[in-house]
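These protein sequences, in sequence, are chains A and B.
Residue numbering for the first sequence follows our numbering, beginning at 932 and increasing consecutively.
Residue numbering for the second sequence follows our numbering, beginning at 342 and increasing consecutively.
Scroll down for the structure; my scribbles are underneath it.
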Amino acid sequence: MKSGKTMRSVKTASVVALVGALALAGCSSDDGDAGSGSGESSGSVDATIEFQTGLAVDDTEAQALKELAAQYEADHEGVTIDLVPAGEDYEANMKVRLAADDAPDIWNTHGWSVLRYGEFLLPLQDQPWADDVIPSLETTMVTADGEIFAMPTNIDISGIIYNADVLKDAGVDPAGIDSWDDFAAAADKVNSDTVSPVYIGGKPLSAAVADRVVSGTFNDNQLTEMTDGTFVSSAYQEMLDIIHSWGEAGYINPDYSSASRDDMAKALAQGQAAFEFGPSLLFDNALSFNPDVNLGFIPMPSNTGGPKYLVGGERTAFGVSKSSENTEVATDFVNFLAENVTDLAAASSSPPGLTTGTMDLGPIQPSFDEWVTEANTPVVPYFDRVYLPNGSWDAMQVTTDSVITEQASTADATEQMKTTFDNLYGQTK
Amino acid sequence: MATTRLKTTQRTRGYRAKTHRGSGLINLLYIPALILFAIFMVYPLVSGIGLAFTDWNGYSAARSFVGFDNFSRLFTDPVFGQSLVNTFIYGVGSMILQQIFGLGLALALDRKFRGRTTARAIVYLPVLVSPVIMGTMYYLLLQYNDGAFNEIVVALGGDRVAWFADSGNAVAIIVAINSLQFMGISMIIYLAGLQSIPEMYYEAASLDGASTWHKFRYVTVPLLQPAFATSIVLNLIGGLKLFDIIKILTNGGPGYSTNSVSTLISITYFDNQNAGYASAMGVALFVIILAVTLVMNKMLGRKQLEA
């Protein structure tokens, strides 16, 4: 009888442990002390540098990196640069590795060199390229103390991306779009059974729209309030109202809920989309589907009476782990990449992140010349990177998606965003 | 007589000593499995519970103790509430569909006919496929443009349907695909149960003039109680933990409307960078699954005794 009870207790304990472990398996951290790098201490010629590129294996920028790494290895006997391409879950993997004290020697900071990765990276402001960082990147890449944690190979500048042929066929002059009313009028003209005025690649890309439109619904005082930790609901809801009005008017692609980034690029390349909002990477993707497509971009209208603006910021930037056993070699390799910034920027069809680089934007060059070089359009930083606490991106994505799919009113979605903002802001204090 | 008893006692003691030595060896053989279980199950469980009392962001060295804040937030968070409701819909909905189709298929494929083994293999095959692949296959089939379902709708003269645009549709599709994938498990469990029922009960029922329905109702169903218990609990737990298919098909959208607690934990941990709160959700899910499992085991165990 006693042993039966014991057995039942053991069984119950096993069930409890098993069920609990299954439920919580993804929620734990590893406090291991694994180091990084596998070579000898800094200064040694024998070093293997693990480099998480944050780029897909077939990315043109990754190909350029591969060539430069081979060149560096040839010039530095004993040094191996282990380029690791990124998967879909690059950001999550990096967070897990940082939590486990298992950082790679070099990694792509993709816009988060200060806010997310700063505490793990070696300050690089004393490196020869540090004074050449493009001024518009300084807001997000240089700390108040003058520290810089990554070398930007390029800069992401875009506004409203358009297919020039689609607009021309509908008789729309993109340069004449000065307000969101103008934008709606243009969308009306191009709207047809075969063309979606606004094409969004589903929930994951919905935040890219919000993040660009929202800079034009906040005035300077409201931005200061956000910086001080007060969420300005009215301005955020104004952004959601604009996007919601596109959905109501039937401007957004009907396959929104199942569309992907590739679908966005394909629609732009094949003339099934007139306007899109996203990183300049979209140009590369669209050109890979149709090298002859005529693309361009225009600045975003402002709703606060301010000037039209472009949105830009850190895109690809490489930082060195301060826990690396090969910091000197890793830093030297990053410096070598800085010397070749023109090649890296050209491979990504983006302007270089350093003033020492020269530009070759291919088919996008005319838009860049018109709006950046000649019109000197102000370039504002990504809203979420400056005015929202780290970790807000998902909430921005979900709230925008809720409004587009009519799952929530713009007021409810704004309230949801405010809750996230307050929680995350409290967490970062 | 006394000598015989002594010899018997010595033999018994010798047997017990051997058995004891044998069980000692067997207990030693448990150790590797126990070590692995402790490292990969118990440690994450205990560590996860500890994290639930912090405000850790999931990667930084800094974290503070916040007491029960994360747990109290669970009661006021509408997103967690909706995900909890969805979790029960996925769990109970999938479990019901899997029992209906699993039992139906088991009854059909228990009969002798040509191609029976092939038919069983076809029904079971999706179980062997990763849920990620299953989800991706259906994602492609249900796509708005170029999806096979919409091509059929258009060929029949209808308009394309955005299958995942409505949260109700999306939840129903997730339940259906999950059930379709795992009904093979129920079928196998019921087939094993059916084959363990002695033929003489059916013969006796036939002699008493029982119809096919009566044989099913009064012979098959009562004697399948152990199979019901196993299948229901397994499928219910599987449904309550549903993750991969949701991640692939809707990623929790539209909005948060199709999230299960599992997918919400992932989003809260990695995307919202709130590992402490995500861990509190994990603890809540653990308690819920444990409670459901214990209740179901008790209910179904009693049924078995009655049967």
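Every residue gets a Cβ at the ideal spot worked out from N, C-alpha and C, and that includes glycine.
Taking 8 Å as the CB-CB cut-off, is K1253/A touching chain B? no
Residues of the stretch 412–426 of chain B whose Cβ lies closer than 7 Å to any Cβ of chain A, in chain order: none
Is the shortest distance between the beta-carbon of W1038/A and the beta-carbons of chain B less than 8 Å? no
Buried versus exposed, by CB contacts within 10 Å (16 or more), S471/B: exposed
Looking only at DSSP bridge pairs, what is N1094/A linked to? L1226/A
DSSP puts P1105/A in a beta bridge; with which residues? DSSP output for P1105/A lists no bridge partner at all.
By the criterion of Cβ-Cβ separation under 8 Å, what are the contact partners of V1329/A in chain B? G593, G594, G596 and Y597
Whole-angstrom Cβ separation of L583/B and Y479/B, contact assumed at under 8 Å? With a Cβ gap of about 14 Å, L583/B and Y479/B do not count as contacting.
Can you give me the C-alpha to C-alpha distance between I587/B and A1075/A, rounded to a whole angstrom? 42 Å
Just by C-beta distance, which residues in the stretch 1046–1057 of chain A are closer than 7 Å to chain B? E1050
For R1316/A versus M1231/A, is the C-beta spacing smaller than 8 Å? no
What are the boundary residues of the beta strand (DSSP E) that S1127/A is part of? S1127 to V1129
Listed by chain order, chain B residues near D990/A by CB distance under 7 Å: Result: empty, since nearest Cβ-Cβ is about 22 Å, beyond 7 Å.
Is it true that the CB of V1140/A sits closer than 8 Å to the CB of T1331/A? yes
Alpha carbon to alpha carbon, how far is L386/B from F627/B? 10 Å
For a minimum of 4 consecutive residues, which ranges assigned as the alpha helix (DSSP H) are wholly contained in the stretch 1249–1309 of chain A? 1258–1270, 1272–1278 and 1296–1299
Straight-line gap, S1110/A to K1099/A (C-alpha atoms, nearest Å): 19 Å
Within the stretch 1007–1031 of chain A, note down every full beta strand (DSSP E) run reaching 3 residues or more, in order along the chain. 1010–1015
Going by C-alpha to C-alpha distance, which of G623/B, L581/B, D487/B and G593/B sits closest to I606/B? G623/B
Contact list for the stretch 1213–1238 of chain A against chain B, Cβ threshold 7 Å: none
How about R506/B: is its C-beta nearer than 8 Å to some C-beta of chain A? Here the sequence assigns Ala to residue 506/B, which means Arg is not the residue at that position. Yes, contact with chain A.
DSSP on I538/B, reduced to helix/strand/coil? coil
Could you tell me the distance, in whole angstroms, from the CA atom of S424/B to the CA atom of L450/B? 37 Å
May I have the straight-line CA-CA distance separating Y1356/A from L1171/A, to the nearest angstrom? 21 Å
Cα-Cα, which of V574/B, F523/B and A511/B is closest to V633/B? V574/B
Can K1134/A and N510/B be called in contact, C-beta distance under 8 Å? no
I'd like the list of long-range same chain contacts for S1137/A, defined as Cβ closer than 7 Å, with 5 residues on each side in sequence excluded. I1131, Q1328, T1331, D1332 and I1335
Checking the sheet assignment: what are the DSSP bridge partners for A978/A? V1010/A
What are the start and end residues of the beta strand (DSSP E) that includes A1204/A? A1204 to E1207
Between L641/B and chain A, is any beta-carbon pair separated by less than 8 Å? no
Close Cβ partners of N411/B (< 6 Å) along its chain, the five nearest in sequence each way excluded: A393, G617, Y618 and A621
Extent of the continuous alpha helix (DSSP H) to which W1111/A belongs: W1111 to V1121
Restricting to Cα atoms, I'd like to know which of S598/B, S603/B, L590/B and V602/B is closest to S1191/A. L590/B
Just the chain A side, please: which residues come within less than 8 Å of A503/B by C-beta, in chain order? P1185, D1186, Y1187, S1188 and S1189
Have a look at H555/B and K639/B and give me their C-alpha separation to the nearest angstrom. 28 Å
What separation, rounded to the nearest whole angstrom, lies between the Cα atoms of M528/B and P539/B? 19 Å
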